[in-house]
Amino acid sequence: MELQEQIQLQEKILEGTLQVFNQKGLKFTMDDLARQLGISKKTIYTVFRDKEEVFLAMVDYLFASIKQEEEKVVCDDTLSTLEKIRKILGVMPEGYKDVDFRQLYTLKDKFPKIYQKVEEHLETGWETTIALLEQGMAEGVVRPVRIPILKMMLEASLEQFFQRDVLVQNQISYQEALEEVVNILVDGICVQTLGR
């Protein structure tokens, strides 16, 4: 198999993994994935050793997609710095907005290696966001804040989504929860009044 074909097959499997995960959560099987893709398990195993390896690759693939979306936000000249900050903190690739990431709350217990990879991605790659926050402070549209504290608050919120079933219990989608966290971080919780 040529390298290009291998890459296309890998992407097809990862996209299929997201679809089958969305239908069955972490309980999906390789049989489910093969059925979803209309290919044999043997073909999947030419690319990935097992379900855990598929998941590890899916995490990298998802976060790479997030980075691409961040780049689009930064390059969008129609957005103000504050709008860019809001968008970049809550960025989610369009194709993944309907994926039920609430199911990931069991990840830490059932797949600790995969959870660790998610955690690593959440804690790294902040350079673009930090640059935007610094730009916002320099422009006077963001009050001076300690960036490590803001970063820790967002990371901790997202990590809690992956550790507890609070979203499932309260029937809140991952996307809604992410938007709420970003709104609280960017706007605070005070009711803004004119003349303040």
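The numbering used here applies: residue 1042 is where the sequence shown begins, and numbers increase by one. Backbone N, C-alpha and C fix where the C-beta goes; we use that ideal spot for every residue, glycine too.
Contacts around residue i, its chain only, beta-carbon distance under 6 angstroms, and the 5 residues preceding and following it disregarded
i	result
K1128	V1114
Q1176	T1122
P1185	M1178
K1138	Q1216
T1170	I1129
V1209	R1143
I1010	Residue numbering for the chain in the displayed model covers 1042 to 1237; residue 1010 lies beyond these limits and cannot be assessed.
V1061	F1069, D1073, L1074 and Q1077
Nonlocal neighbours in the same chain, by C-beta distance under 7 angstroms from residue i, ignoring five residues either side
i	result
E1164	E1196
T1147	L1067
S996	The structure shown has nothing for residue 996, since the chain only spans 1042 to 1237.
D1072	K1082
Interface flag, residue i vs chain D, CB-CB below 9 angstroms
i	result
M1178	This model lacks chain D altogether; it includes just one protein chain.
Beta-carbon spacing of residue i, residue j below 9 angstroms
i	j	result
F1203	K1149	yes
I1054	L1074	yes
L1145	V1159	yes
V1140	L1059	yes
G1057	S1106	no
E1161	P1134	no
Y1102	E1052	yes
Straight-line Cα distance separating residue j from residue i
i	j	result
L1097	P1153	11 angstroms
R1237	E1168	With a pLDDT of 49 at R1237, under the threshold of 50, the modelled position of this residue cannot be trusted; read the value that follows with caution. R1237 and E1168: Cα-Cα distance of roughly 32 angstroms.
V1095	F1089	6 angstroms
L1199	E1221	12 angstroms
L1050	M1099	13 angstroms
K1108	T1084	29 angstroms
C1231	A1218	19 angstroms
L1226	V1182	14 angstroms
V1207	F1104	23 angstroms
Y1156	Q1201	12 angstroms
D1118	D1091	43 angstroms
D1228	C1116	23 angstroms
At which residue ranges does the stretch 1100–1150 contain complete alpha helix (DSSP H) runs of 4 or more residues, listed in the order of the chain?
Fully enclosed alpha helix (DSSP H) runs of 4 or longer: 1122–1130.
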